[in-house]
Structure formats: C-alpha cells, structure tokens
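*Asks:* Got a structure for you, written out below as structure tokens; questions coming shortly.
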Amino acid sequence: MGFVCYLLAAAAGLSALFAAVPVAFMAVRLAGAACLAYLAWGKLKPGGRSPFAPAQDLTPVSDARLFSMGLLTNLLNPKIALMYAALLPQFLDPQAGSAWGQLLQLGCSSSVGCRSSWGSRRTL
0 MGFVCYLLAA AAGLSALFAA VPVAFMAVRL AGAACLAYLA WGKLKPGGRS PFAPAQDLTP
60 VSDARLFSMG LLTNLLNPKI ALMYAALLPQ FLDPQAGSAW GQLLQLGCSS SVGCRSSWGS
120 RRTL
C-alpha cells in the first residue's frame with residue numbers, strides 16, 4: 000500500500016515539486032539519512048540490541064496491527080519516495096500517451112516484481 004501512495008504522489012507531480020524546489024528534495028534526503036543514523040546508533044551504542052539476536056517473548060498481534068505497522072514503515076522509507084519521485088519519471092515517454100498511465104504501469108510492474116521476489120525468498 001505504501002508503494003501505491005508514493006506512485007500516486009509521483010503521478011500527481013512530486014517529481015516536479017522536487018525539481019522546482021531542490022530544498023524539498025534535500026530535506027527528504029536529510030530526513031532519511033537522519034532516520035538511518037538514529038536506527039544505526041540504536042544498534043551500535045553500548046547496550047544496544049543486535050538485530051541478529053533471537054527475539055524473546057514475542058506477543059501475538061492482530062493482522063490489522065501488522066498491516067498498519069508495515070504501511071507506516073513503507074511510508075516513512077525515504078528510499079521508496081526517492082525511487083518513485085526520481086527514478087520512475089525518467090522512463091516516461093511524452094509521445095507514448097498519458098503520464099498517469101505510464102507511471103501506473105511502471106509502478107505496478109515494480110510492485111509485482113518486489114512482491115514476487117519476496118515471495119520466492121519465503122519458499123526457498
């Protein structure tokens with residue numbers, strides 16, 4: 000679902016906003032870097048928990064909670080925002096028709112590729 004939100008934002012002109020206001024693009028990049036630095040510090044600081052340590056006493060959560068956590072994680076992932084805002088518009092062809100249709104095709108094929116890649120990892 001997060002991919003769909005970013006796909007619609009890119010189709011609505013997020014790329015044009017980033018091109019017109021470079022400070023907005025820099026703000027997204029810096030926010031993403033700060034988020035990654037914060038997560039890294041949480042793992043590297045003295046007493047930090049290793050991401051490879053086995054989990055202890057996991058409590059069951061509902062499917063809705065898992066979905067909302069995944070959606071929020073996806074929406075806050077700056078790499079996805081930048082991919083949809085900066086990478087996909089480069090593949091648009093003005094003579095091929097509607098930009099919305101082309102972005103939807105590119106975004107859907109990206110989403111299907113990601114889902115099939117993750118699905119194949121589960122079966123291995």
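Quick note on numbering: numbering that gives the first Met the number 0 labels position 48 of the sequence shown as 47, and the sequence is numbered without any gaps. Built from N, CA and C at the ideal position, the CB exists for glycine as well. Bear in mind that the values here come from a model prediction, so they are computed numbers and not experimental data.
(1) Alpha helix (DSSP H) containing M183: first to last residue?
(2) Give a yes or no on whether the C-beta atoms belonging to L75 and G106 are separated by under 8 Å.
(3) Report the start-end ranges of each beta strand (DSSP E) in the stretch 55 to 93 that is 3 residues or longer and not cut off at the edges.
(4) Measure the C-alpha to C-alpha separation of A23 and S61 and round it to an integer number of angstroms.
(5) Mapping the DSSP letters down to three states, classify S109 as helix, strand or coil.
(6) Which residues bound the alpha helix (DSSP H) around A10?
(7) Compute the Euclidean distance between the alpha carbons of A26 and P77, then round it to the nearest angstrom.
(8) Using a Cβ-Cβ cut-off of 8 Å (strictly less than) and excluding sequence neighbours within five positions of C34, which residues of its own chain qualify?
(9) So, for S126: in the same chain, excluding its five sequence neighbours on each side, which residues have a beta-carbon less than 7 Å away from its beta-carbon?
*Replies:* The short version:
(1) Coverage of the chain is limited to positions 0 through 123, which leaves residue 183 absent and any answer about it impossible.
(2) Numbered from its first residue, the sequence shown carries residue 75 at position 76. Numbered from its first residue, the sequence shown carries residue 106 at position 107. Contact: no.
(3) none
(4) For the purposes of this step, residue 23 is taken as residue 24 along the sequence shown, with counting starting at 1. For the purposes of this step, residue 61 is taken as residue 62 along the sequence shown, with counting starting at 1. Answer to the nearest angstrom: the Cα atoms are 36 Å apart.
(5) For this step, residue 109 is matched to residue 110 along the sequence shown. S109: helix per DSSP, three-state reduction.
(6) Sequence index remark: in the sequence shown, residue 10 carries index 11 (1-based). Run containing A10: G1 to A11, per the alpha helix (DSSP H) assignment.
(7) Locating residue 26 in the sequence shown gives position 27, where the first residue counts as 1. Locating residue 77 in the sequence shown gives position 78, where the first residue counts as 1. Distance between the alpha carbons of A26 and P77 is about 10 Å.
(8) Your numbering for residue 34 matches position 35 in the sequence shown. Counting only Cβ-Cβ distances below 8 Å, and skipping sequence neighbours, we find L75 and P77.
(9) Only positions 0 to 123 of the chain appear in the structure, and residue 126 is not among them; the question remains open.
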